[in-house]
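Have a look at the structure below before the remarks.
There are 2 protein chains.
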Amino acid sequence: FFFAALYVARRCPIIEQTPGHQLSVLTMQCLTAKVAALGRSLSGRLRSAQRLNSTFRRNAITDQWVVFSEGRRDRPTQTKPQGLKVKTSDGPPHDPKCPFCPGDEDSKTPPALLELKDAQGDWQLRIIPNKYPAVVPVARASEIWTELTTDPNVGSSTLLIERPAIGYHEVVVESPIHNLPTACAGRDAVERLLRGWHLRGNQIHEADPSMRVMLYFKNQGTVAGASLLHPHSQLVSLPFVPRHMSIRQQRHLDFFTRFGVSVFQKNIEEEIEARDRNQPHRIVDQNEHFVAYIPFAAVSPFNLWIMPLYEQAHYIKTEEPELQSLATILERSLRRLHGVLEEPDYNMVLRSAPLPGRHLQRAYNASAFSRWHIQITPRLGAGALAGFELGSGMFSNSNLPENDAAQLRDWLGEMRKPTSCPVVSATFCS
Amino acid sequence: FFFAALYVARRCPIIEQTPGHQLSVLTMQCLTAKVAALGRSLSGRLRSAQRLNSTFRRNAITDQWVVFSEGRRDRPTQTKPQGLKVKTSDGPPHDPKCPFCPGDEDSKTPPALLELKDAQGDWQLRIIPNKYPAVVPVARASEIWTELTTDPNVGSSTLLIERPAIGYHEVVVESPIHNLPTACAGRDAVERLLRGWHLRGNQIHEADPSMRVMLYFKNQGTVAGASLLHPHSQLVSLPFVPRHMSIRQQRHLDFFTRFGVSVFQKNIEEEIEARDRNQPHRIVDQNEHFVAYIPFAAVSPFNLWIMPLYEQAHYIKTEEPELQSLATILERSLRRLHGVLEEPDYNMVLRSAPLPGRHLQRAYNASAFSRWHIQITPRLGAGALAGFELGSGMFSNSNLPENDAAQLRDWLGEMRKPTSCPVVSATFCS
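Which chain is which? The protein sequence lines are E and H, in order.
Heads up: the first sequence at position 374 corresponds to 374 in our numbering, and the numbers run straight through without jumps.
Here our numbering = 1-based position in the second sequence + 430.
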C-alpha cells in the first residue's frame, strides 16, 4: 500500500479537466487515483508491471503508442542483428541449447498455455508466455482500460502520458524440429499454426473481454527481426486500439458507406475480373474460400496477401472448413516464396479487425466493411524503412506486382528437384 | 500523338461520377482526357514517365501511395543488402570507381544542379539529379496534378489507380572525400548540407509551384537502405500530399484548435521545464534556436529529434542565423551518436509541413500548429519493422529515452581520444 500511495502521490499533481470530458476521459493519473479510491489493491498489479519495466507511452506529435520493455534486451539470440544472414534450415534438427527444442521444456520455458499433440502424446505445437514480454496480463484489466478507446490526450495536463503495459504476449513454438522452416513443414504443420492462433485467440478473448486487439505475426530470420531460429510465431493482445488501426477501420467504413461495397471485396473482385478477361492481374493462387494475390500497389517486392472470399472481420470467428482451406493456400504460398526467393527472411502478419468490446467497436458490424487477411512481406533488403518511407509514409518498390505474381504463379515447385528444405521434413513431422 | 490517343482510349473506359463531385474531383482517366482535349501535347511527357517505368499507385485498402520504379533495380551498390555492415570510414579517401568521387563528374553523373565551392573553386557539395529516380520532373506538372490533393478514389470506377510518377529526386553529394562520414566532416560540412537542402528546396519551390511536399533525408549505411558509401543525402519533391502526412497535419491542427498551443511547442516546453526542475527529462542539447531531445515515446533506441524553439512550419523559410545555429547542434548530435554508438547506420529525415500551394494548404497558417524538425533514427537492429510494428502500427522499444538521452548528453567526445573518424577529416575538408 505504501508503494501505491507513493505512486498516486507522484503521478497525480494536478488533473486538468476539459469541459464536457470530466467523466468520460480519464488519464493515467485519474485512473490510478480512481482505482485506489475504490479500495482495490491495484498496487501489486501496477508494481508487477513496473518491475518488468514495461509501459505504454504515447507520442503526442506522431500519435504513436510505443511499448517500452527494457527486459526484452536480455533475450537470447541466435541471430546477428547486423550480421550475415542465418537460415533456419542451416541448423541441426535438434539443438540442446535452443529453449524451444523438446527435452527440458519445463526448465527452459514457462508452462504451456496450449499444446497440440500427435497420437503418441508428443507435442507438435506449444503456446507459451513470452519470457521477455512487451506486455503482461493483470487481473481486472478491463476496469483499468475501459476508457482507453477514447483519446487519452484530451483532458490531460501533460503530453508525457504513460500507462502500465497490460496485455498478452505469447510465443507459438510451431514444431519440435529445430531446423524446419514453416515453408518446409508441410500442410498439416501450417494448419496447426493457424489452429493454434485461432484457439488461443478465442481463449484470450473469452477469458479477458478487455482485450481490444489480437495480433498474430511471424518474424522469420534476422532481417525480419527474429532473435531465435527455431520455427516460432507470436500472438499479442492489447487492451486498446492503436490509432493506426482505428484510422484504417474508419477509412474502411467510409468506403463502405460511400460505395455500398467493402473495399476488400471490390479489390479482389477487380483482380478476379481482370484474370478472367485475360488482362494483367496479380493473383497467385485461389481456392474455394481464399485468394492469394499481390496488391496492385504492393509496398515491396513479393508482398503477398491472402484474403477470404467472404465477409469476415475477425479471425477468431473463422470456422471449419475455412481453416483447412486457409492452411492449404497458406502452405502453398509460403512454399512458393521459399522456392522463388530461396528461403527469404519475411514478416507474416494476420490483420484482424478490432474486437467488438463493451464500447466503441460494438457500434459497428465490422464484417460488412472490414476483413481479416494475411500479409507476407519478404525482407529482401533494408529499403522498406529508409528515409523516403519514414519521411513520407509512402513506399518505393522496384518490382511490378504483375511480374512478381506471375513468377510465383508459374513456380513449378512440384516438378523441380527438391528445394533447400532440410530432408528431415518429409518423414519426421507429418 | 498515337500513343497519347491509345493511352486515353485504354485508360478511359467509363468515368463514374459521384453526385457533388463532378467538377471537383478528377481521376487519372479524366485528367488525361481533359489535358488531351485541350490540345496540349501530353503524350511525350507521359511516355517519358512510362519509359522510366515510374508510376504512382495507390492501395485503396491501406491508403498508401507506392512509387514503382523498376529502373532503380539497376543502381550500383557498394553495400550488401543482407550482408556484413560496411562502414563509410573503412573505405579509402578517394575511390576511382565511386560515381560521387571527384575526377570524372561529367561522365559518371548528370550535370550538377547546384554546387558549393571552396576558395580554390573546387566543389565541396554537389546536387545532381538521381540517376535512378523514383520520380521525374515534367513540364506543366501543376496542370496535371492540381486536383490530386483531393481524394483520387472518389468518383473512380476502379481501385486500380495509377498515375505517372512526377516529381524531383536529387542526390546531395556532401563531400569530395569518399570515406568521411557526415558525423566526422565537421561543422562547416554539416552547414553546407543544410544550406544545400535549403537552397535547392527553395529553387524547386519557386520554379515549380505544383510541388506540394519537399522531403529531405539521409540513409547512412546498409541497414538504413544506402546503396553507396560515399557521404550523400537526398531530396524528393512530390506533387501531392500523401495521406500519412495530411492526417498528421490535420491532427496537429486539431490539437492547436483544442488547446490553443502547438503540440510541438507544448512538447519541448514540458521537456525544458522538467530539466529546469531537475526532474527526469530527455534533452540532449540546446542552443539559442534549437533543442535536441529524445521523445518521451521514442520509437527506437537513441531516436534523436532536433526541433526549432520558434514557430516555423517550412524548412525553406528558415533564415540566417538559424541555419548556422542548426548546423552547430546537428553536427554535435551526429558526433554524439557516432561516438556513443560507434558509427551506427542511421536514417535522418527532415520533416517539413506540406507547402502552401494554390489549393488546400493555403487555407492554413501551418506555422501556428506545425513545425519542421529533424529526426535521426539509428538502425541498431532489424526490430523497427518486425511483425508487431507492421501489424499494430505501434512500436516496441527496449531502451528508456531518459537513459539514452543521458548517455548522449554525458558523452565526453571532446575529452576522449579520437573516435573512429578517419584522420583525413581535420585537414582535408575544412
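Even for Gly, the Cβ is constructed at its ideal location relative to N, Cα and C.
Rounded separation between Leu739/H and Arg705/H - CA only: Here residue 739/H corresponds to residue number 309 of the second sequence, with the count starting at 1. Here residue 705/H corresponds to residue number 275 of the second sequence, with the count starting at 1. Those two C-alpha atoms are separated by around 15 Å.
Residue range of the unbroken alpha helix (DSSP H) whose run includes Glu866/H: The structure shown has nothing for residue 866/H, since chain H only spans 431 to 860.
For Asp715/H, three-class secondary structure by DSSP: On the second sequence, residue 715/H is found 285 positions in, with the first residue counted as 1. DSSP places Asp715/H in strand when its eight states are reduced to three.
C-alpha distance - Val666/H paired with Val779/H, whole-angstrom precision: Counted from its first residue, the second sequence places residue 666/H at position 236. Counted from its first residue, the second sequence places residue 779/H at position 349. Answer to the nearest angstrom: the Cα atoms are 11 Å apart.
Simplified DSSP assignment, three categories, for Trp197/E: Along the first sequence, read from residue 1 onward, the residue named residue 197/E stands at position 197. Residue state, collapsed to three classes: helix.
CB contact flag (Val566/H, His662/H, <8 Å): By one-based count along the second sequence, residue 566/H stands at place 136. By one-based count along the second sequence, residue 662/H stands at place 232. The answer is no: Cβ separation not under 8 Å.
Beta-bridge partners of Val566/H, as assigned by DSSP: Here the question's residue 566/H lines up with position 136 in the second sequence. Per DSSP, the beta bridge partners of Val566/H are Ile596/H.
Residue range of the unbroken beta strand (DSSP E) whose run includes His230/E: The count along the first sequence starts at 1 and reaches residue 230/E at position 230. Here His230/E belongs to no beta strand (DSSP E), and DSSP marks it neither H nor E.
Closer than 9 Å at the beta carbon, the chain H residues around His244/E: Numbered from its first residue, the first sequence carries residue 244/E at position 244. Per Cβ cutoff of 9 Å: Ser822, Gly823 and Met824.
Under 9 Å (Cβ pairs) to chain E, residues found in the region 533-554 of chain H: none
Exposed unless 16 or more other CB atoms sit within 10 angstroms - verdict on Pro92/E: Mapped onto the first sequence, residue 92/E falls at position 92. Per the 10 Å Cβ criterion, exposed.
According to DSSP, residues forming a beta bridge with Asp705/H: Working through the second sequence from its first residue, we reach residue 705/H at position 275. The question names Asp, but residue 705/H is Arg in the sequence shown. DSSP output for Arg705/H lists no bridge partner at all.
Cβ neighbour criterion (16 or more within 10 Å) applied to Gly551/H: Taking the second sequence and counting its residues from 1, one reaches residue 551/H at position 121. By the 10 Å Cβ count, Gly551/H comes out exposed.
Residues of the region 292-313 of chain E whose Cβ lies closer than 8 Å to any Cβ of chain A, in chain order: No chain A appears in this structure, whose protein chains are E and H.
When Val241/E, Asp188/E and Pro181/E are compared against Leu228/E, the one with the closest alpha-carbon: For the purposes of this step, residue 228/E is taken as residue 228 along the first sequence, with counting starting at 1. Ranking the options by Cα distance to Leu228/E, first place goes to Pro181/E.
Which of helix, strand or coil DSSP assigns to Asn489/H: One-based indexing of the second sequence puts residue 489/H at position 59. Strand at Asn489/H.
Alpha helix (DSSP H) segment containing Thr758/H, residue limits: Looking up residue 758/H in the second sequence gives position 328. Unbroken alpha helix (DSSP H) run through Thr758/H: Glu752 to Leu771.
Assigned exposure category for Thr88/E - 16 Cβ within 10 Å defines buried: In the first sequence, the residue the question calls residue 88/E occupies position 88. Taking a 10 Å sphere around the C-beta of Thr88/E, we find 16 or more other C-beta atoms and assign the residue as buried.
Per-residue burial, Asn708/H [other beta carbons within 10 Å of its own, 16 or more giving buried]: Looking up residue 708/H in the second sequence gives position 278. Exposed.
Whole-Å CB distance - Ala595/H paired with Thr492/H, under 8 Å assumed: The residue given as residue 595/H occupies position 165 in the second sequence. The residue given as residue 492/H occupies position 62 in the second sequence. Not confirmed; about 18 Å, so no contact.
Per-residue DSSP class, three states only, for Pro831/H: Working through the second sequence from its first residue, we reach residue 831/H at position 401. Helix.
Minimum Cβ-Cβ distance from Asp493/H to chain E less than 8 Å: Mapped onto the second sequence, residue 493/H falls at position 63. Output row for Asp493/H: interface = yes.
DSSP three-state assignment for Cys460/H, whether helix, strand or coil: In the second sequence, the residue the question calls residue 460/H occupies position 30. Since pLDDT at Cys460/H reaches only 38, below the 50 mark, its modelled position is unreliable, and the value read off the structure follows with that caveat. Note: Cys460/H maps to helix in three-state DSSP.
Three-way DSSP call (helix, strand, coil) for Gly722/H in this model: The residue given as residue 722/H occupies position 292 in the second sequence. As written in the sequence, residue 722/H is Ala, which differs from the Gly given in the question. In this structure, Ala722/H counts as strand in the three-state DSSP scheme.
Extent of the continuous alpha helix (DSSP H) run through Gln120/E: Along the first sequence, one-based indexing puts residue 120/E at 120. It is not in any alpha helix (DSSP H) - Gln120/E carries neither H nor E in the DSSP assignment.
Sheet register partners of Asn560/H (DSSP bridge): Locating residue 560/H in the second sequence gives position 130, counting from the first residue. BP columns for Asn560/H are empty, so no partner.
Nearest-angstrom Cα separation, counted from Val190/E out to Leu330/E: In the first sequence, the residue the question calls residue 330/E occupies position 330. In the first sequence, the residue the question calls residue 190/E occupies position 190. Going from the Cα of Leu330/E to the Cα of Val190/E covers about 7 Å.
Cβ distance (whole Å) where Ser392/E is taken to contact Pro672/H below 8 Å: Counting from one through the first sequence, the residue named residue 392/E turns up at place 392. Counting from one through the second sequence, the residue named residue 672/H turns up at place 242. 5 Å between Cβ atoms; contact.
Chain-ordered chain E contacts of Thr807/H [CB-CB under 8 Å]: Locating residue 807/H in the second sequence gives position 377, counting from the first residue. Going along chain E in sequence order, the residues near Thr807/H (Cβ under 8 Å) are Leu390.
Ile316/E beta carbon less than 8 Å from that of Val291/E: Numbered from 1 along the first sequence, position 291 holds the residue referred to as residue 291/E. Numbered from 1 along the first sequence, position 316 holds the residue referred to as residue 316/E. Contact flag unset, no.
Buried or exposed by the 16-neighbour rule on C-beta atoms within 10 Å, applied to Gly626/H: Here residue 626/H is taken as the residue at index 196 of the second sequence, counted from 1. Gly626/H is buried by the Cβ-count criterion.
Residues within the region 742-768 of chain H neighbouring chain E, beta-carbon criterion of under 9 Å: Close to chain E, meaning a Cβ-Cβ distance shorter than 9 Å, is no residue of the region 742-768 of chain H at all.
Check: Arg277/E C-beta below 7 Å from any heavy atom of the ligand GDP: Ligands in the displayed structure: none, and consequently the ligand GDP is not present.
Interface flag, Ala490/H vs chain E, CB-CB below 8 Å: Taking the second sequence and counting its residues from 1, one reaches residue 490/H at position 60. Interface residue, yes.
Helix, strand or coil at Ser537/H according to DSSP, with G and I counted as helix: Sequence index remark: in the second sequence, residue 537/H carries index 107 (1-based). DSSP places Ser537/H in helix when its eight states are reduced to three.
Whole-angstrom distance between Ile294/E and Gln265/E, CA atom to CA atom: Indexing the first sequence from 1 puts residue 265/E at position 265. Indexing the first sequence from 1 puts residue 294/E at position 294. Approximately 15 Å, taken between the alpha carbons.
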